[in-house]
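Notes follow the structure.
Residue numbers (my numbering): 13 to 405.
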């Protein structure tokens, strides 16, 4: 790629790799390499396996490659002049935060849809509603306490009431330890068909679920549009250096970046409102959505400032060329670091438990038609029929 031109073109995001980029590129390549085993473990483990974060998983692998290439270009002048490598880096730097944002919206959709499930719909979805999981744990805890108290011999301590209280407290401690150790896990991700809880807090919210799917479905399509537009712009970056399509590439980058930022802000606001207005939505889960959306928005705002700058030479170190030490420090602080923290948060959390995604997230456009059943539509899980006969006898 020619280093100099007689016209202005878009300054490269992150600048052209030089000696200043070697150390930070190695650092970020190593950090992402550490995340790859975490991502693989999440996918391989049945209790955390989900396809919702596949895009983020591939992104972490891609960043190992891109920062390794950047480190190589920082030491090898001939490799640095490769136009294909620079086009690849510009494309991935400009579109990475959009890909993560798309996964974030899918997490938000799964969280909100799962929070609306109740009644018969629990048996027809693979989502893991947090409010149902909480009820399952409480129900099993109470059953275990009751069965232990019935089977264990009474040991008098002073008087019968004190002995019963001491025994009950001891059993409660044992159950709590069992839940923490995983030996008494009430569910293995996914609402049991027998776990159809009663009460208004477990009512099925069909209309709200339909609205959530419609709006977040539109958001997903808009994110996909932003990815496509950004890829077209990045793929034509090399052409702008020769003097063609510079204005078009800049406009496309502006459109995709602004659209992605708007969608991220909307996702954060939706999560905030949901945590306040929808009692079933866990506030901690919604807060993680807000935090990651804010981090990704920082990347988008940084990109908007870079897109506005032009240069006449890829090797120039003047103001706005993105090649000065200050420009490169800003790139790693406002682009590379927020991206990494966002990915680290999403991959370190168990998405199936925190966001109720289940193995696939929410892929349905509409609910399945429930099958006719003679069982009551609202009953709390109380064990199998065999267990019920044993308890009655």
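For glycine and all other residues, C-beta sits at the position ideal for the given N, C-alpha and C.
Q: Mark residue 33 as exposed unless 16 or more other C-beta atoms lie within 10 angstroms of its C-beta, in which case mark it buried.
A: buried
Q: Could you pull out every unbroken beta strand (DSSP E) segment of at least 3 residues lying fully inside the segment 53-136, listed in chain order?
A: none
Q | Nearest neighbour of residue 24, chosen from 220, 280, 281 and 329 [CA to CA] | A | 329
Q: Return the chain-ordered list of same chain residues with a C-beta closer than 6 Å to the C-beta of residue 217, the five sequence neighbours on each side being excluded.
A: 128
Q: Please determine if the segment 340-348 and the segment 285-303 are in contact, where contact requires at least 3 C-beta pairs separated by less than 8 Å.
A: no
Q) What is the residue span of the alpha helix (DSSP H) that residue 282 lies within? A) 258-289
Q.
Just to check my reading of the structure: residue 28 and residue 264 have Cβ atoms closer than 8 Å, yes? What is that Cβ distance to the nearest angstrom?
A. Not confirmed; about 22 Å, so no contact.
Q | Whole-angstrom C-beta distance between residue 67 and residue 31, which should lie under 8 Å | A | Going by Cβ atoms, the distance from residue 31 to residue 67 rounds to 33 Å, so no, they are not a contact pair.
**Q.** Of the listed residues 70, 92 and 63, nearest to residue 48 (C-alpha basis)
**A.** 70
Q: For residue 182, count neighbouring C-beta atoms within 10 Å of its own C-beta (all shown protein chains included) and say buried if the count is 16 or more, exposed if not.
A: Low local confidence applies: a pLDDT of 45 at residue 182 is under 50, so the model's placement there is unreliable, and no value is given.
Q | residue 350 versus residue 114: straight-line alpha-carbon distance, rounded | A | 16 Å
Q | residue 324 - containing beta strand (DSSP E), residue span | A | 322-325
(Q) Here's the rule I'm using: 16 or more other beta-carbon atoms within 10 Å means buried, otherwise exposed. How should residue 36 be labelled? (A) buried
Q) Applying the criterion that 16 or more other CB atoms from any shown protein chain within 10 Å of the CB defines a buried residue, is residue 104 buried or exposed? A) buried
Q | Close beta carbons around residue 91, own chain, < 6 Å, minus the five adjacent residues each side | A | 84 and 85
Q | Own chain partners of residue 283 with C-beta closer than 7 Å, once the 5 adjacent residues on each side are dropped | A | 120, 298, 301 and 302
Q) Does the beta carbon of residue 272 sit closer than 8 Å to a beta carbon anywhere in chain B? A) Of the chains in the structure shown, none is chain B; there is only one protein chain.
Q. Hey, how far is the Cα of residue 222 from the Cα of residue 320?
A. 40 Å
Q: Just confirm the distance between the C-beta atoms of residue 406 and residue 323, as a whole number of angstroms; I'd bet it's less than 8 Å.
A: Nothing about residue 406 can be reported from this structure: the residues present for the chain run from 13 to 405 only.
**Q.** Closest Cα partner of residue 292 within the set 360, 255, 220 and 377
**A.** 220
(Q) Taking only three categories from DSSP, how would you classify residue 21? (A) strand
Q | CA-to-CA distance, residue 278 to residue 94, given in whole angstroms | A | 39 Å
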